[in-house]
Amino acid sequence: GYETSSLRDLLGAMGISRSSFYDTFGSKHELFLTVIDRYNNTVAACGLEAMIHDAPSPKAGIHNLFQGIIETMVQTGEKRGCFLNNCAVEVACHDDQAAGRIAHGIAKAEETFYCAIRRGQKLGEIGAGKAARPLARYLTGMLNGLLVMGKAKPDRRTLQDVVRVALTALD
22 GYETSSLRDL
32 LGAMGISRSS
42 FYDTFGSKHE
52 LFLTVIDRYN
62 NTVAACGLEA
72 MIHDAPSPKA
82 GIHNLFQGII
92 ETMVQTGEKR
102 GCFLNNCAVE
112 VACHDDQAAG
122 RIAHGIAKAE
132 ETFYCAIRRG
142 QKLGEIGAGK
152 AARPLARYLT
162 GMLNGLLVMG
172 KAKPDRRTLQ
182 DVVRVALTAL
192 D
């Protein structure tokens with residue numbers, strides 16, 4: 022995590038000198054903020070959008086997103102969880118700059134779900150009477166919860182039970 026990564030660790034992993042590090046990034050904290058921004062603009066935003074929008078329908082896309090996450094966690098035994106979730110737990114309570122960026126990433130996920138839900142409502146596959154914004158917030162919370170659960174126990178059946186029940190909110 023951020024707190025336990027020393028400058029020496031970073032320099033070794035990056036293969037650069039201390040002076041190059043400071044010339045390029047300014048500080049460990051500035052690098053951290055840059056990494057959060059990059060994650061928000063690439064992995065979180067593009068990956069989430071692509072998984073949902075590349076599906077035959079919005080509802081199928083949401084389902085595929087959750088199933089894809091389960092498959093990744095189960096097949097790889099991956100226990101790192103989600104970078105943004107890990108940052109939220111580790112530093113958001115005492116780093117306002119990081120907290121703002123983390124909140125921005127979560128808001129992007131919510132907006133992706135919101136757009137998919139609205140499209141699904143227009144297509145008639147998600148009930149028009151469902152409140153799209155609260156439902157998007159719920160799915161965002163479920164996504165983050167699933168990633169945390171998978172970090173602790175990447176068991177397919179448990180994770181699929183969570184997703185199955187969560188997705189009934191779209192019916």
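Under this note's numbering, the letters of the sequence shown match residues 22 to 192, in that order. Even glycine gets a Cβ: it sits at the ideal position worked out from N, Cα and C.
Ranked by how close their Cα comes to the Cα of residue 136, the residues 56, 37, 73, 42 have 73 in first place. Two segments are said to touch when three or more pairs of C-beta atoms, one from each, lie closer than 8 Å; by this definition the stretch 26–33 does not touch the stretch 83–96.
Between the alpha carbons of residue 157 and residue 130 lies a distance of about 9 Å.
By a beta-carbon distance limit of 8 Å, residue 122 contacts residue 58. Their separation comes to about 6 Å. Per DSSP, residue 135 is one residue of the alpha helix (DSSP H) stretching across 117–144.
A straight line joining the alpha-carbon of residue 83 with that of residue 139 spans about 12 Å.
Residue 133 places its beta carbon 7 Å or farther from that of residue 52. According to the DSSP assignment, residue 108 belongs to the alpha helix (DSSP H) that extends over 104–112. Residue 23 carries a coil assignment under DSSP once its states are collapsed to helix, strand and coil. At the C-beta level, residue 76 and residue 62 stay beyond 7 Å of one another. In this chain, the alpha helix (DSSP H) harbouring residue 40 covers 39–46. If you draw a 10 Å sphere on the C-beta of residue 175, you find 16 or more other C-beta atoms in it, and that means buried. The count of Cβ pairs closer than 8 Å, one atom from the stretch 42–56 and one from the stretch 106–125, reaches three, so the stretches are in contact.
Taking all protein chains in view, the Cβ of residue 47 is surrounded by fewer than 16 other Cβ atoms within 10 Å, so the residue is classified as exposed. For residue 101, there is no enclosing alpha helix (DSSP H), as DSSP marks it with neither H nor E.
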